[in-house]
Amino acid sequence: MAFGYVNTRTIECLKMSTPLVFKFGGASVKDAESVRNVAKIIRLFPHRPMVVIVSAMGKMTNAFEEVVGHWSTNDLALAREKIGTIRQFHFAIIEELFDDPKDLLAEIQELIDQVQYGLEQTFLSYSEGYDYIVHHGELIATKIIAAYIGKETPTVWQDTRLLVHTDDQFRRATVRWEETARAIKSRIDQSKVNVVQGFIGASSSGKPTTLGREGSDYTGAVFAYCLDADSLTIWKDVSGMLNGDPKIFQNTTKIDRLPFNEAIELAFYGASIIHPKTIQPLKKKGIPLHIKSFINPTAEGTTIGDVDRAIPEVPNFILKKNQALLQLKTKDLAFIAEHHLSAIYQLFADQGVVVNLMRNTATKAVFCINHDLIIVPKVRRELTGLFDLELVPKVELLTIRNYQKEDELRETKGLNILLEQRTPEVVQFVFKRFE
Ligand code: ASP
Ligand code: MG
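Numbering (our numbering), first residue to last: 249 to 683.
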């Protein structure tokens, strides 16, 4: 398969009007200047139909989460204060972008009023209230961006709540694919740029839901899948997918092409560049995912797709911070057997403990888990009666895929390694930093 925008497959699809699907995250719409930049990128692609998935502006989802926090503890004055800040943030951007912003300001004010109204719904469960309040970040962002793009390009604002149908598991809703595909296919306007909200959907009774934090990459995959798109492009503030987080590792390299399976593996080990659920629907239909820089939109970026191997083939480095090492020992020194492990994993699954590495010996089972400050103490209490238990907090997990000896030596130098596990492809170290 050929990659990039101008190839024979793309040209064929242009004839068939296969939509171009773009996703812009919070960092790409964080202020007036970046909204102008998004419009500029869209103008580079006069292709229709186009679907543009947008998430909340800048750090607005965190701000809405603060509102939820105050609402849930009934601190409504604090909640209103935060809503005031959110309103101000968006109003300032609108005033910078539009000469005559009156109508748009009124529209956004209506959405802000809806958030205020949400504060009175004290009978809602935490998760339902969360989705109701938080999803306004995406509604507001897309109203602004659609209006701005619409100044020069035929654009339609679409309500994702009518397009992405989900179950009613608030905060982590699951997409109902058949209804979603039907709605998306019938409602997308073939002649325009369709601006839609990422991250959100609605239950069958029409209540707003969300797909989990950072879920708008996944929304991009949902649209690309349902529309049989030629590709999905996620626009980021980095030049593509690197083989490690440049804030943590030195001498990182951009990966030009990556097989779907490797992308899934990297997401599994904790590479945070794409939401882990994003790849599966794309892989099913062989739809390539381009990760490109919104700062340098004509540069090549990374393509994840149906290729045999990564180009270039380089080791990948992934660091997970905020881990804990939980060691369980049988009280009577009996062997750790299947029934012990099954009970432990059942408890982990019920409580939502994320296990990133596990190893057992004759009488011990050791787990490297995400150190969630609410869940872990709970699980610890439940296990104390059954096992002798030791918990080492403040550890980190380093994973190197396709490792060479020198990578391993360089990255582990000076670390206090507590546990090591290796296969021919992957080596992992649980370690503590010397303080
Ligand atoms: N705005 C949502 C979040 O910050 C979804 C996303 O950005 O993908 O989690
Ligand atoms: Mg976001």
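The beta-carbon is built from N, C-alpha and C at its ideal position, and this holds for glycine as well.
What is the residue span of the beta strand (DSSP E) that Phe272 lies within?
-> Walking along the sequence shown from the start, residue 272 turns up at place 24. Secondary structure note for Phe272: its beta strand (DSSP E) is the uninterrupted segment 268 to 272.
Does the Cβ of Lys653 have 16 or more other Cβ atoms within 10 Å, making it buried, or fewer, making it exposed?
-> By one-based count along the sequence shown, residue 653 stands at place 405. Taking all protein chains shown into account, Lys653 has fewer than 16 neighbouring C-beta atoms within 10 Å of its C-beta and is therefore exposed.
Going straight from the alpha carbon of Arg658 to that of Lys568, what length do you get?
-> Locating residue 658 in the sequence shown gives position 410, counting from the first residue. Locating residue 568 in the sequence shown gives position 320, counting from the first residue. Straight-line Cα distance between these residues: approximately 18 Å.
By Cβ distance, which residues of its chain are closer than 7 Å to Phe565, with the 5 residues on each side in sequence left out?
-> Counted from its first residue, the sequence shown places residue 565 at position 317. So the list reads Asn491, Gly492, Phe497, Ile648, Glu659, once near-sequence residues are dropped.
Sequence ranges, alpha helix (DSSP H) only - wholly within the segment 368 to 436, length at least 4 | Here the runs fully enclosed are 374 to 382, 384 to 398, 425 to 435.
Do you know whose CA, among Phe596, Pro507, Thr526, lies nearest Asp554's CA?
-> One-based indexing of the sequence shown puts residue 554 at position 306. The shortest C-alpha separation from Asp554 is found at Pro507.
Nearest-angstrom beta carbon gap, Phe337 and Val302 [assumed within contact, 8 Å] = For the purposes of this step, residue 302 is identified with residue 54 of the sequence shown, where counting begins at 1. For the purposes of this step, residue 337 is identified with residue 89 of the sequence shown, where counting begins at 1. Rounded to whole angstroms, the Cβ separation of Val302 and Phe337 is 16 Å, and the two are not in contact under 8 Å.
Three-pair Cβ contact test at 8 Å for the segment 621 to 630 versus the segment 597 to 612 | Because the criterion of three Cβ pairs below 8 Å is met, the segment 621 to 630 and the segment 597 to 612 touch.
In chain order, what residues of the same chain have a beta carbon less than 6 Å from the beta carbon of Ile665, not counting five sequence neighbours either side?
-> The residue you call residue 665 lines up with position 417 of the sequence shown. The answer, listed in chain order, is Phe677, Phe679.
Looking only at C-alpha atoms, which of Arg607, Thr500, Gln357, Arg335 sits nearest to Arg670?
-> Within the sequence shown, residue 670 is the residue found at index 422, counting from 1. For Arg670, the closest C-alpha among the options Arg607, Thr500, Gln357, Arg335 is that of Arg607.
Counted within 10 angstroms of its Cβ, other Cβ atoms place Trp405 as buried (16 or more) or exposed | Taking the sequence shown and counting its residues from 1, the one referred to as residue 405 is at position 157. The Cβ neighbour count for Trp405, taken over all protein chains shown within 10 Å, is at least 16; the residue is labelled buried.
Taking buried to mean at least 16 other C-beta atoms within 10 Å of its own C-beta, is Phe447 buried or exposed?
-> Counting from 1 along the sequence shown, the entry for residue 447 is found at position 199. The residue in question, Phe447, is buried, as its Cβ has 16 or more Cβ neighbours within 10 Å.
Run the CB neighbour count on Arg557, radius 10 Å, all protein chains shown included, and call it buried at 16 or more, exposed below.
-> One-based indexing of the sequence shown puts residue 557 at position 309. When all chains shown are included, Arg557 counts as exposed.
Classify Tyr365 as buried or exposed, calling it buried when 16 or more other Cβ atoms lie within 10 Å of its own Cβ.
-> Within the sequence shown, residue 365 is the residue found at index 117, counting from 1. Exposed, because fewer than 16 other Cβ atoms sit within 10 Å of the Cβ of Tyr365.
Contacting residues, own chain, Cβ-Cβ under 6 Å from Asn618 (five flanking each side not counted) | Residue mapping note: residue 618 aligns to position 370 of the sequence shown, counting from 1. Counting only Cβ-Cβ distances below 6 Å, and skipping sequence neighbours, we find Val602.
Ignore the nearest five residues each way along the sequence and tell me which others in Ser282's own chain have a CB closer than 7 Å to its CB.
-> Indexing the sequence shown from 1 puts residue 282 at position 34. Counting only Cβ-Cβ distances below 7 Å, and skipping sequence neighbours, we find Ser276.
What is the C-beta distance between Tyr380 and Leu372, in whole angstroms, given that I count them as a contact (C-beta under 8 Å)?
-> For the purposes of this step, residue 380 is identified with residue 132 of the sequence shown, where counting begins at 1. For the purposes of this step, residue 372 is identified with residue 124 of the sequence shown, where counting begins at 1. Right, their Cβ atoms sit about 7 Å apart.
For the alpha helix (DSSP H) that Asp636 lies in, which residues bound it at each end?
-> Taking the sequence shown and counting its residues from 1, one reaches residue 636 at position 388. Taken as a continuous stretch (DSSP letters only), Asp636 belongs to no alpha helix (DSSP H), being part of the beta strand (DSSP E) at 635 to 649.
Looking only at its own chain, which residues have a Cβ that is under 6 Å from the Cβ of Thr526, when we skip the five neighbours before and after it?
-> Counting from one through the sequence shown, the residue named residue 526 turns up at place 278. Excluding the 5 residues flanking it on each side, Thr526 has same chain C-beta neighbours closer than 6 Å at Asp465, Tyr466, Ala469, in chain order.
May I ask which residues mark the beginning and end of the alpha helix (DSSP H) holding Ile331?
-> In the sequence shown, residue 331 corresponds to position 83, counting from 1. Looking at the DSSP string, the run of the alpha helix (DSSP H) that includes Ile331 is 324 to 345.
Would you list the one or two residues that DSSP bridges to Asn608?
-> The count along the sequence shown starts at 1 and reaches residue 608 at position 360. Answer by DSSP bridge pairing, in chain order: Ala613.
Going by the C-beta, is Glu462 closer than 7 Å to any heavy atom of the ligand ASP?
-> Working through the sequence shown from its first residue, we reach residue 462 at position 214. Set against 7 Å, the gap from the CB of Glu462 to the closest heavy atom of the ligand ASP is smaller.
Helix, strand or coil: which one does DSSP assign to Thr546?
-> Position 298 of the sequence shown, counted from the first residue, corresponds to residue 546. Assigned with DSSP and collapsed to three states, Thr546 falls in coil, not helix or strand.
Given that a residue counts as buried once 16 or more other Cβ atoms are within 10 Å of its Cβ, and exposed if not, what is Ile482?
-> The residue labelled residue 482 in the question sits at position 234 within the sequence shown. Ile482 should be labelled buried.
Look at Asp407 and Ser451 and say whether their C-beta atoms are less than 8 Å apart.
-> Here residue 407 refers to the residue found at position 159 of the sequence shown. Here residue 451 refers to the residue found at position 203 of the sequence shown. Going by C-beta atoms, Asp407 is not nearer than 8 Å to Ser451.
Under the assumption that Ile436 contacts Ala477 (Cβ atoms under 8 Å), give the Cβ distance between them as a whole number of angstroms.
-> Translated into the one-based positions of the sequence shown, residue 436 becomes position 188. Translated into the one-based positions of the sequence shown, residue 477 becomes position 229. Not a contact, Cβ separation roughly 11 Å.
Flag this pair as touching only if the segment 378 to 396 and the segment 284 to 304 have three or more C-beta atom pairs under 8 Å; answer yes or no.
-> Remark: three or more beta-carbon pairs, one from each stretch, lie closer than 8 Å, so the segment 378 to 396 and the segment 284 to 304 are flagged as touching.
Proximity below 8 Å, CB of Lys433 to CB of Pro297 | The sequence position of residue 433 within the sequence shown is 185, counting from 1. The sequence position of residue 297 within the sequence shown is 49, counting from 1. No, the pair does not count as a contact, with Cβ atoms beyond the cut-off.
From Ile521, Leu459, Phe516, Leu667, pick the residue whose C-alpha is nearest to that of Met489; which is it?
-> Here residue 489 refers to the residue found at position 241 of the sequence shown. Looking at the Cα atoms, Ile521 is the closest of the given residues.
7 Å CB neighbourhood of Leu581 in its chain, flanking five on each side removed = For the purposes of this step, residue 581 is taken as residue 333 along the sequence shown, with counting starting at 1. Apart from sequence neighbours up to five positions away, the residues of its chain that approach Leu581 with a beta-carbon distance below 7 Å are Thr611, ordered along the chain.
Quick one, are the C-beta atoms of Ala421 and Gly449 less than 8 Å apart?
-> Working through the sequence shown from its first residue, we reach residue 421 at position 173. Working through the sequence shown from its first residue, we reach residue 449 at position 201. Gly449 sits close to Ala421, with the two beta carbons spaced by under 8 Å.
Is Thr428 closer than 8 Å to Leu410 when the C-beta atoms are compared?
-> By 1-based counting over the sequence shown, the position of residue 410 is 162. By 1-based counting over the sequence shown, the position of residue 428 is 180. Contact: no.
Would a C-beta distance cut-off of 8 Å place Val299 and Val444 closer than the cut-off?
-> Numbered from its first residue, the sequence shown carries residue 299 at position 51. Numbered from its first residue, the sequence shown carries residue 444 at position 196. By the CB criterion at 8 Å, Val299 and Val444 fall inside the cutoff.
Inter-residue CB distance, Leu634 and Cys616 (contact presumed, cutoff 8 Å) = Counted from its first residue, the sequence shown places residue 634 at position 386. Counted from its first residue, the sequence shown places residue 616 at position 368. With 8 Å as the limit, Leu634 and Cys616 do not qualify as a contact, their Cβ atoms being about 20 Å apart.
Does the separation of the CB atoms of Tyr378 and Val316 fall below 8 Å?
-> If you number the sequence shown from 1, residue 378 lands on position 130. If you number the sequence shown from 1, residue 316 lands on position 68. Taking 8 Å as the Cβ cut-off, Tyr378 and Val316 qualify as a contacting pair.
Specify the secondary structure class of Arg629 as computed by DSSP and reduced to three states.
-> Counting from one through the sequence shown, the residue named residue 629 turns up at place 381. Three-state DSSP puts Arg629 in a helix.
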